[in-house]
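Report on the structure given below.
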Amino acid sequence: MPELPEVEVVKRSLEKKAQNLIIKKVKINDGNLRYKVNKYQILKLRGRRIKKIERRSKYLIFTIHKDTVMLVHLGMTGKFFFIDKMNKRFKTSFYYKLDENKDTKFNRVIFFLQNNQKIIYNDIRKFGFIKFYNSNDFEKNSHFRKLGPEPLSNKFNSKYLKNYFSNRKRTVKDILMDQKCVAGLGNIYVNEILYLSKIKPFKNVKKISNNEITKLILNTKKVLEDSIKLGGSSIKNFSSGDGKKGTFQQFFKVYGRKGEKCTNIACDSIIQRTTISNRATFFCEKCQK
DNA sequence: CGGGACTCCTGAGGGC
DNA sequence: TGCCCTCAGGAGTCCC
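Position one of the first sequence corresponds to residue 726 (the working numbering), numbered consecutively onward.
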């Protein structure tokens, strides 16, 4: 699923529901995620309180008790369900058209909380992971070491990007998807950002002008903020009774629009699809230079 | 260091 | 209905 806006929406939702609750028990249905879930660490969660839930890039950071950090990445299909006291289910992220009853077979890890509440980690493809650290050495973890700045922070500015682009010669799409350049963008949002900035995805960063850099910065922040406001994007048209559903996908300008007319009314061109670094790339030949 | 290919896994959707 | 193919919002590793 999940790029920065979706993970942020999950974070806010879980924070509202589960922060400060005590974990009573954890059940591992299938711990063979991207990295094997450590049973010993899971066992240690019993009786401990979820103190804090944060996001960095596309990672969720749960501070448990005061000395344990549980780091979660959702991969492509990871999501959390929160089950409240009334057994009502809140889905915190969205992917695939799943049968409400059948999808329980992808419930990989279940956190039983106080008052019969639960957090379920559900992940079809098992590209996500759950890892544990001591608070002391968490900051040095291998996943965070090379991450670039948060795109919504002041550190992600024209000066930074200009400097990062200099002396590199990759395509602008490739480099924006690289978490070392900026942390949290993925395929959908980079496609959208490049369309809004009127830059061809395979343009080499050497040829990006100052004006274009400014546009990239502004459009990155705008797209992410707009999407967060709408609860992120839900592709594959998931429909479910409970939980809120992100609606930003309705506002995609290019992603998934191959063969459709460019949304710029002054343009009569058709959205093209190609591949960059093996990822689907959508663009308008006329609007993007 | 850069860049491409490949890998993990499971399902949806299209063509025949 | 079934089979086969391609594709899917991520990111790590290997190899040149």
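Don't be surprised by glycine CBs; every beta carbon is placed ideally from N, CA and C.
Residue burial classification, residue i (beta-carbon count within 10 angstroms, cutoff 16)
i       : result
GLY803  : buried
LEU901  : buried
LYS1014 : exposed
THR945  : buried
SER922  : buried
PHE836  : buried
LYS954  : exposed
LYS783  : buried
GLY966  : Only weak support exists for where GLY966 lies, its pLDDT of 41 falling under 50; the value from the coordinates is given anyway. Classification of GLY966: exposed, given that the 10 Å Cβ count is below 16.
LYS791  : exposed
ASN861  : exposed
ILE996  : buried
Contact check, residue i vs residue j, beta carbons under 8 Å
i       : j       : result
ILE773  : ILE753  : Residue 773 is actually Arg in this sequence, not Ile. Taking 8 Å as the Cβ cut-off, ARG773 and ILE753 do not qualify as a contacting pair.
ASN1037 : ASN832  : Not covered by the structure: residue 1037. The range shown for the chain is 726 to 1014.
LEU796  : LYS736  : no
ASN859  : LYS810  : no
ILE938  : LYS887  : yes
CYS992  : LYS970  : no
PHE976  : VAL930  : no
LEU739  : PHE807  : yes
TYR885  : LYS978  : no
LEU838  : LEU949  : no
PHE881  : VAL794  : no
ILE844  : ALA1005 : no
GLY984  : THR972  : no
Distance between beta carbons of residue j and residue i, contact taken as under 8 Å
i       : j      : result
GLY853  : LEU941 : With 8 Å as the limit, GLY853 and LEU941 do not qualify as a contact, their Cβ atoms being about 29 Å apart.
ILE748  : LEU768 : About 11 Å; that fails the 8 Å criterion.
GLN974  : SER959 : 6 Å
GLY911  : GLU779 : Not confirmed; about 19 Å, so no contact.
ILE775  : LEU746 : 6 Å
VAL913  : TYR980 : Val is not the amino acid found at residue 913; the sequence shown has Ile there. The pair is a contact, with the Cβ atoms about 5 Å apart (cut-off 8 Å).
PHE1007 : ARG982 : 6 Å
Check: residue i C-beta below 7 Å from any heavy atom of the ligand SAH
i      : result
ILE913 : Absence of the ligand SAH from the depicted structure is noted, as is the absence of any ligand whatsoever, leaving it without description.
Quiz item: Taking one C-beta from the segment 897-917 and one from the segment 870-887 each time, how about it: are there three or more such pairs within less than 8 Å?
Solution: In short, these stretches touch, since the Cβ pair count reaches three.
Practice problem: Starting from the N-terminal side, write out each stretch of the alpha helix (DSSP H) that is 4 residues or longer and does not extend beyond the segment 737-807. | Solution: If we require 4 residues or more, the alpha helix (DSSP H) runs fully inside the segment 737-807 come out as 764-768.
Self-check item: Cβ pair count under 8 Å reaching 3, the segment 729-740 against the segment 760-767
Solution: Cβ pair count under 8 Å is below three, so no.
Quiz item: Would you call the segment 992-1000 and the segment 889-899 touching, i.e. three or more CB-CB distances under 8 Å?
Solution: Between the segment 992-1000 and the segment 889-899 there are fewer than three C-beta pairs closer than 8 Å, too few to call the two in contact.
Quiz prompt | alpha helix (DSSP H) segments (min. 4 residues) lying fully within the segment 841-929 | solution = Listed in chain order, they are 860-863, 867-870, 883-890, 897-902, 912-921.
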